[in-house]
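Each position in the sequence shown, counted from 1, maps to that position plus 15 in the numbering used here.
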Amino acid sequence: MEKKFVILEQLIREYIDNPEPISSKLLQEKLYLGLSSATIRYYFKQLTENGYLQKEHISSGRIPTKRSLKQFWRKNLKENEIVIKQIDLLEEASKSQSIFCEYSLYKNLILTHIENLNNKFLILGFDTKELIVPYNAKVAALLQNFVGVQAFDIARMLYDYDMVNLANRIKEFLKDEFKICNIDEIVDMANDDKRWANSYLIYVLSGKNLIQEPIGLRFYDNFLSYKFYVSINNEKKGEVLLVGKLHRNYLKFMQNLKGVDNGEKRAS
């Protein structure tokens, strides 16, 4: 990696931990490249001219631009599923890192049988409940292969067959627990960007985005959303949606979930 991008990555890591302008002197103390402050300032100038850094007011320090923050998160938020010991860790991480979080946990039901009702409906039989969906020959044939499989895993696999509506229907059917954490953060975001709030907020708070949004990372100007699967001690399964400002420390959030504590303080 070019030295200037090593400098950029370290600057971003410092900034998301404490969102204040970063000086060349501070970065020199954090890097182990043997670079002088003058050399780092030279790279600062290059990175600023290339749109990766910006200078705030008269401060000599730099902060990352939206472009560089988005590039950083594309590189570092790639996990589709994590295992955690307890669900309370989500709420704790949400508060400590000032990131809005919502999650759904799903019932552990097994698909036991499929019944065709006059080519009009399919009855999907699970351990203790049944779900009725419109008949579709392709769906009926596919689901026969999933008898004996956990329903949430079936929903996940259906996305690979572009059967999005059925996958979402099954997840709604299975929903056992839905919780919102740190609503104050998303209210603050809504106050910052009314247009974003008008088009997005109701779908987040209702849980629709959690059900319908694909796994992975998305950007909305100054904000991002990141959705991933979660498994509680490899037993209960669910989905998590994070929504927050670009400069929040999502790395620390994920470390908190995994029980990693490197002693860093949360950025304000």
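C-beta atoms are modelled at their ideal positions from N, C-alpha and C, and glycine is treated no differently.
Opening and closing residue of the beta strand (DSSP E) in which residue i lies
| i | result |
| --- | --- |
| Asn-131 | 126 to 132 |
| Ile-195 | 190 to 196 |
| Val-162 | That residue, Val-162, is in no beta strand (DSSP E); it is neither H nor E in DSSP. |
| Lys-70 | 68 to 70 |
| Ile-97 | 96 to 99 |
| Leu-266 | Leu-266 -> not in any beta strand (DSSP E); alpha helix (DSSP H) instead, spanning 265 to 272. |
| Leu-225 | Here Leu-225 belongs to no beta strand (DSSP E); instead the alpha helix (DSSP H) covers 223 to 227. |
Spatial distance of residue i from residue j (CA atoms)
| i | j | result |
| --- | --- | --- |
| Glu-130 | Leu-158 | 11 Å |
| Lys-273 | Ile-97 | 8 Å |
| Asn-183 | Lys-70 | 45 Å |
| Glu-106 | Arg-171 | 24 Å |
| Leu-84 | Gln-270 | 19 Å |
| Glu-24 | His-128 | 52 Å |
| Lys-122 | Trp-88 | 32 Å |
| Lys-18 | Gly-140 | 59 Å |
| Arg-281 | Ser-111 | Below a pLDDT of 50, predicted positions are generally treated as unreliable, and Arg-281, at 38, falls in that range; the measurement from the model is reported next regardless. Spanning the two alpha carbons is a distance of roughly 6 Å. |
| Ser-38 | Thr-54 | 12 Å |
| Leu-104 | Asn-133 | 48 Å |
| Lys-190 | Lys-252 | 10 Å |
| Lys-153 | Val-162 | 15 Å |
| Met-173 | Lys-144 | For the record, residue 173 in the displayed sequence is Leu; it is not Met. Cα to Cα, the separation comes out at about 20 Å. |
| Ile-169 | Leu-120 | 15 Å |
Terminal residues of the alpha helix (DSSP H) in which residue i lies
| i | result |
| --- | --- |
| Gln-86 | 81 to 91 |
| Ile-169 | 166 to 175 |
| Leu-105 | 103 to 112 |
| Lys-242 | From DSSP, Lys-242 is part of no alpha helix (DSSP H) but of the beta strand (DSSP E) over 238 to 247. |
| Tyr-218 | 217 to 220 |
For residue i, the residue or residues it bridges with in DSSP
| i | result |
| --- | --- |
| Leu-146 | Leu-139 |
| Glu-117 | Ile-195, Leu-256 |
| Leu-232 | Tyr-241 |
| Lys-122 | None; Lys-122 has no bridge partner. |
| Lys-251 | Ile-247 |
Distance between beta carbons of residue j and residue i, contact taken as under 8 Å
| i | j | result |
| --- | --- | --- |
| Ala-166 | Ile-185 | 6 Å |
| Trp-211 | Phe-238 | 7 Å |
Q: Go through the segment 27 to 74 residue by residue and report every complete run of the alpha helix (DSSP H) that reaches 4 residues or more, in order.
A: Segments of the alpha helix (DSSP H) lying fully in the segment 27 to 74: 39 to 45, 52 to 64.
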